[in-house]
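Asker:
2 protein chains.
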Amino acid sequence: MITSTANGQVKHVVNLMNKAKYRRENREFVVEGIKMVLEAPEESVEKIFVAESFVQSHKSGLENIQWDSPKMETVSDNVFKQMSDTMTPQGIMAIVKMKESPLSEVVGQEKAFVMVCEDLQDPGNLGTIIRTGEGAGVSGIIMSKNTVDVYNPKTIRSTMGSIYRVPFLYTDNLQETIRQMKALGVTVYAAHLNGNNSYAKEDYSGKCAFLIGNEGNGLKSETTELADKLIKIPMEGSVESLNAAVSAAVLMYEVNRQRRG
Amino acid sequence: MITSTANGQVKHVVNLMNKAKYRRENREFVVEGIKMVLEAPEESVEKIFVAESFVQSHKSGLENIQWDSPKMETVSDNVFKQMSDTMTPQGIMAIVKMKESPLSEVVGQEKAFVMVCEDLQDPGNLGTIIRTGEGAGVSGIIMSKNTVDVYNPKTIRSTMGSIYRVPFLYTDNLQETIRQMKALGVTVYAAHLNGNNSYAKEDYSGKCAFLIGNEGNGLKSETTELADKLIKIPMEGSVESLNAAVSAAVLMYEVNRQRRG
Chain A
24 MITSTANGQV KHVVNLMNKA KYRRENREFV VEGIKMVLEA PEESVEKIFV
74 AESFVQSHKS GLENIQWDSP KMETVSDNVF KQMSDTMTPQ GIMAIVKMKE
124 SPLSEVVGQE KAFVMVCEDL QDPGNLGTII RTGEGAGVSG IIMSKNTVDV
174 YNPKTIRSTM GSIYRVPFLY TDNLQETIRQ MKALGVTVYA AHLNGNNSYA
224 KEDYSGKCAF LIGNEGNGLK SETTELADKL IKIPMEGSVE SLNAAVSAAV
274 LMYEVNRQRR G
Chain B
24 MITSTANGQV KHVVNLMNKA KYRRENREFV VEGIKMVLEA PEESVEKIFV
74 AESFVQSHKS GLENIQWDSP KMETVSDNVF KQMSDTMTPQ GIMAIVKMKE
124 SPLSEVVGQE KAFVMVCEDL QDPGNLGTII RTGEGAGVSG IIMSKNTVDV
174 YNPKTIRSTM GSIYRVPFLY TDNLQETIRQ MKALGVTVYA AHLNGNNSYA
224 KEDYSGKCAF LIGNEGNGLK SETTELADKL IKIPMEGSVE SLNAAVSAAV
274 LMYEVNRQRR G
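In order, the protein sequence lines correspond to chains A and B.
The first sequence lines up with residues 24 to 284 when you count with my numbering.
The second sequence lines up with residues 24 to 284 when you count with my numbering.
Shown next as structure tokens:
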């Protein structure tokens, strides 16, 4: 059992939790909680850490956990608390290998339905878009280089496991990636406050992608220019804009509604 | 100028920021930032606090602020930081009088469109529902007694000013309030994982209300039983549920879409 925070594995976890650069260098991230650990694809799991008291209280109950696995490491409760990102740790976390998808997988085999996030900054917004995206049936998610790190513990938490199942990629050149999608026959819609078409009047039965801009500044003009159409979500009252994850959800579920027929 | 955190007004603000009970007893709450202070209804504003450096940098620029008002109080930058709930304070905040609406106003004059929140716990979710609600054109919002305090600084921030404009009320007896709405001819829909009707197949042209449950536990069964219809938002993949604010947004914008025609 690991009983010291000076332990190398513990330091590795803490660094993975706190430093995006360290995560990128190691191509690993950390997930916490029973649900997130159990849903992780087995081949991607590098290591599982359980708190001493978690073993005592769950060893007989949780049969899905391979307690004898060489990947399993027990740590004292105090050390686990130091490793955890949450106020009330569940007592289980795992190191998981990063996996990004190629553009062909994000665009999908049949009906492309892609959310494109430009420089989103709020980890909760990004995580919620991934979660809602799985629910609405997106084929994948594309993020600009300056979008918040999808492997941030807060983002991972708010995906509720969808991070394992929704194909996604980061791109160094968002505009080029959008051009590549257009070449694949994808119609690109920009959600824009100056859009003159209501999102609900468009036909999303074909391949489609939606550009979602930064929370404060919206889409860059050079990105907006690549869109085939500017659409807007109508707003009553004095509302100037909607939350980014809410806008994305409204658009995604309109596609879902239309495609279900 | 106030230069000490021992000042009675400073203590009052700090208590209003941090204690829901103190807010209720005083029937006051605090809003922060230029936008939130300027959008507050003038008659509801009790006091405005500005940081010394805010006065220096904005006195000539911000003409909407009544700098000579007896309600205006300047505080030193250090004291303002102590009063603020944010990491990077803008330098302006106000004490605002609480105002709840009667049920008749929440239900609205013509077309009732009410969101009913039962025991929502996340301040950001509640604030986002109020903001999206204004955008989608709700007539008002009803909250159970155990819903998170709408005057919590985090909730207020995430409403982006909609808190001043969307009628709302707390009720001690949610079930009784739902019965009263039904007596007014409102059709009540429960968003429920066991719903067998897709939300998008219903007709929301008439008076309608939606019951939204707690993030972890959903709606109580005795509340669900009062609904005229259980509806669900279809989900692809392995998603078990959507975020509460996202679910509410999808429902609200479907009503908006149908009513715009």
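C-beta atoms are modelled at their ideal positions from N, C-alpha and C, and glycine is treated no differently.
For a contact meaning CB atoms closer than 9 Å, what does Glu66 (chain B) contact in chain A?
Answerer: Walking along the second sequence from the start, residue 66 (chain B) turns up at place 43. Simply none; closest approach about 18 Å.
Asker: Can you find a CB in chain A that lies within less than 9 Å of the CB of Ser127 (chain B)?
Answerer: One-based indexing of the second sequence puts residue 127 (chain B) at position 104. Answer no: the Cβ-Cβ gap between Ser127 (chain B) and chain A never drops below 9 Å.
Asker: Go to Ile152 (chain A), then tell me how far its alpha helix (DSSP H) extends in each direction, as first and last residue.
Answerer: To locate residue 152 (chain A), count along the first sequence from 1; it is residue 129. Element bounds for Ile152 (chain A): Pro146 to Ala159.
Asker: Could you tell me the distance, in whole angstroms, from the CA atom of Gly229 (chain B) to the CA atom of Ser162 (chain A)?
Answerer: As a first step, residue 229 (chain B) must be located in the second sequence, where it is residue number 206. As a first step, residue 162 (chain A) must be located in the first sequence, where it is residue number 139. Rounded to the nearest angstrom, the two C-alpha atoms are 35 Å apart.
Asker: Contact check, Glu238 (chain A) vs Asp100 (chain A) under 8 Å by CB: the rounded distance?
Answerer: Walking along the first sequence from the start, residue 238 (chain A) turns up at place 215. Walking along the first sequence from the start, residue 100 (chain A) turns up at place 77. Between Asp100 (chain A) and Glu238 (chain A) the Cβ distance is about 38 Å, and since that is not below 8 Å, they are no contact.
Asker: Residue ranges of each beta strand (DSSP E) run of no fewer than 3 residues wholly in the stretch 173–199 of chain A, ordered along the chain?
Answerer: Counting only runs of 3 or more, we get 191–194.
Asker: Would you mind listing the beta strand (DSSP E) stretches within the stretch 72–98 of chain B that are 3+ residues and don't spill past its ends, in chain order?
Answerer: Here the runs fully enclosed are 95–98.
Asker: Output the boundary residues of the alpha helix (DSSP H) element that contains Tyr45 (chain B).
Answerer: Within the second sequence, residue 45 (chain B) is the residue found at index 22, counting from 1. Run containing Tyr45 (chain B): Ala43 to Asn49, per the alpha helix (DSSP H) assignment.
Asker: Taking just the CA atoms, how far does Arg180 (chain A) sit from Lys58 (chain A)?
Answerer: In the first sequence, the residue the question calls residue 58 (chain A) occupies position 35. In the first sequence, the residue the question calls residue 180 (chain A) occupies position 157. About 10 Å.
Asker: How many angstroms separate the CA atom of Lys224 (chain A) from the CA atom of Asn38 (chain B)?
Answerer: For the purposes of this step, residue 224 (chain A) is taken as residue 201 along the first sequence, with counting starting at 1. For the purposes of this step, residue 38 (chain B) is taken as residue 15 along the second sequence, with counting starting at 1. Their backbone Cα atoms lie some 49 Å apart in a straight line.
Asker: Using a beta-carbon distance cut-off of less than 8 Å, what residues from the stretch 106–124 of chain A approach chain B?
Answerer: For the stretch 106–124 of chain A, which is checked against every Cβ of chain B, not one residue is closer than 8 Å.
Asker: Would you mind working out which of B:Asn220, B:Thr200 and B:Val129 sits nearest Arg188 (chain B), comparing C-alpha positions?
Answerer: Numbered from its first residue, the second sequence carries residue 188 (chain B) at position 165. Of the candidates B:Asn220, B:Thr200 and B:Val129, the one whose C-alpha sits nearest the C-alpha of Arg188 (chain B) is B:Val129.
Asker: Is any beta-carbon of chain A found at less than 9 Å from that of Asn266 (chain B)?
Answerer: If you number the second sequence from 1, residue 266 (chain B) lands on position 243. Output row for Asn266 (chain B): interface = yes.
Asker: Give me the chain A residues within the contact set of Met138 (chain B), using Cβ-Cβ distance strictly less than 7 Å, ordered along the chain.
Answerer: Numbered from its first residue, the second sequence carries residue 138 (chain B) at position 115. Within chain A, no residue comes near Met138 (chain B); the closest Cβ sits about 13 Å away, beyond 7 Å.
Asker: Using DSSP with H/G/I as helix, E/B as strand and the rest coil, what is Gly31 (chain B)?
Answerer: For the purposes of this step, residue 31 (chain B) is taken as the residue at position 8 of the second sequence. Gly31 (chain B): helix per DSSP, three-state reduction.
Asker: Name the DSSP beta bridge partners of Met166 (chain B), please?
Answerer: In the second sequence, residue 166 (chain B) corresponds to position 143, counting from 1. Answer is B:Cys140 and B:Tyr193.
Asker: Comparing the C-beta of Val269 (chain A) with each C-beta of chain B, is any distance below 9 Å?
Answerer: Position 246 of the first sequence holds residue 269 (chain A). For Val269 (chain A), the answer is yes, since a Cβ of chain B falls inside 9 Å of its Cβ.
Asker: Can we say the stretch 139–154 of chain B touches the stretch 102–114 of chain B, given the rule of at least three CB pairs closer than 8 Å?
Answerer: With the cut-off at 8 Å, the stretch 139–154 of chain B and the stretch 102–114 of chain B do not touch.
Asker: Have a look at Val171 (chain B) and Ser127 (chain A) and give me their C-alpha separation to the nearest angstrom.
Answerer: The count along the second sequence starts at 1 and reaches residue 171 (chain B) at position 148. The count along the first sequence starts at 1 and reaches residue 127 (chain A) at position 104. Their backbone Cα atoms lie some 44 Å apart in a straight line.
Asker: Under 9 Å, Cβ to Cβ, is there at least one residue of chain D near Tyr276 (chain B)?
Answerer: In summary, chain D is missing from the structure at hand, where the protein chains are A and B.
Asker: What is the DSSP secondary structure of Met24 (chain B), reduced to helix, strand or coil?
Answerer: For the purposes of this step, residue 24 (chain B) is taken as residue 1 along the second sequence, with counting starting at 1. Met24 (chain B): coil per DSSP, three-state reduction.
Asker: By the criterion of Cβ-Cβ separation under 7 Å, what are the contact partners of Val262 (chain A) in chain B?
Answerer: Here the question's residue 262 (chain A) lines up with position 239 in the first sequence. Result: Arg154, Glu157, Gly158 and Ser185.
Asker: Does the stretch 208–221 of chain B touch the stretch 73–93 of chain B, meaning 3 or more C-beta pairs lie closer than 8 Å?
Answerer: No, they do not touch.
Asker: Are the C-beta of Met258 (chain A) and some C-beta of chain B separated by less than 9 Å?
Answerer: The residue labelled residue 258 (chain A) in the question sits at position 235 within the first sequence. It does: the Cβ of Met258 (chain A) has a partner Cβ on chain B nearer than 9 Å.
Asker: Would the beta-carbon of Asn240 (chain A) be found less than 8 Å away from any heavy atom of the ligand GDP?
Answerer: Ligands are entirely absent from the displayed structure, and the ligand GDP is therefore not among its contents.
Asker: Have a look at Ser92 (chain A) and Val68 (chain A) and give me their C-alpha separation to the nearest angstrom.
Answerer: Residue mapping note: residue 92 (chain A) aligns to position 69 of the first sequence, counting from 1. Residue mapping note: residue 68 (chain A) aligns to position 45 of the first sequence, counting from 1. If I take the Cα positions, the gap works out to 11 Å.
Asker: Identify which residue in B:Leu143, B:Lys34, B:Ala43 and B:Leu197 has its Cα closest to the Cα of Ala267 (chain B).
Answerer: In the second sequence, residue 267 (chain B) corresponds to position 244, counting from 1. Comparing Cα-Cα distances from Ala267 (chain B) to each of B:Leu143, B:Lys34, B:Ala43 and B:Leu197, the minimum goes to B:Leu143.
Asker: Apply the 10 Å Cβ neighbour rule to Glu133 (chain B) and answer buried if 16 or more other Cβ atoms are within range, or exposed otherwise.
Answerer: Within the second sequence, the letter at position 110 stands for residue 133 (chain B). By the neighbour-count rule (16 or more Cβ atoms within 10 Å), Glu133 (chain B) is not buried but exposed.
Asker: Interface residues of chain B around Val273 (chain A) at Cβ under 7 Å?
Answerer: Position 250 of the first sequence, counted from the first residue, corresponds to residue 273 (chain A). Ordered by position in chain B, the residues that pass the 7 Å Cβ test against Val273 (chain A) are Ala272, Val273 and Tyr276.
Asker: By the criterion of Cβ-Cβ separation under 7 Å, what are the contact partners of Arg4 (chain B) in chain A?
Answerer: Absent from the model: residue 4 (chain B). The displayed extent of chain B is 24 to 284, so no value can be given.
Asker: Who are Val68 (chain A)'s beta bridge partners in DSSP?
Answerer: As a working mapping, residue 68 (chain A) is identified with position 45 in the first sequence. According to DSSP, which records beta bridges pairwise, Val68 (chain A) is partnered with A:Val119.
Asker: Would you please state the rounded distance, in angstroms, between the beta carbons of Leu253 (chain B) and Thr247 (chain B)? I believe it to be under 8 Å.
Answerer: For the purposes of this step, residue 253 (chain B) is taken as the residue at position 230 of the second sequence. For the purposes of this step, residue 247 (chain B) is taken as the residue at position 224 of the second sequence. That pair is a contact at about 7 Å.
Asker: Which partner residues does Phe52 (chain A) have in the DSSP bridge list?
Answerer: What you label residue 52 (chain A) is simply residue 29 of the first sequence in a count that begins at 1. According to DSSP, which records beta bridges pairwise, Phe52 (chain A) is partnered with A:Val119.
Asker: What residue range is occupied by the uninterrupted alpha helix (DSSP H) comprising Tyr212 (chain A)?
Answerer: Numbered from its first residue, the first sequence carries residue 212 (chain A) at position 189. From DSSP, Tyr212 (chain A) is part of no alpha helix (DSSP H) but of the beta strand (DSSP E) over Thr210 to Ala214.
Asker: Could you give the C-beta distance for Val211 (chain A) and Ala250 (chain A), rounded to a whole number, given that I count them as a contact under 8 Å?
Answerer: What you label residue 211 (chain A) is simply residue 188 of the first sequence in a count that begins at 1. What you label residue 250 (chain A) is simply residue 227 of the first sequence in a count that begins at 1. Indeed they touch by this definition, with Cβ atoms about 5 Å apart.
Asker: Applying the criterion that 16 or more other CB atoms from any shown protein chain within 10 Å of the CB defines a buried residue, is Gly202 (chain B) buried or exposed?
Answerer: Here the question's residue 202 (chain B) lines up with position 179 in the second sequence. The amino acid occupying residue 202 (chain B) in the given sequence is Arg; Gly does not appear at that position. Flag for Arg202 (chain B) reads exposed.
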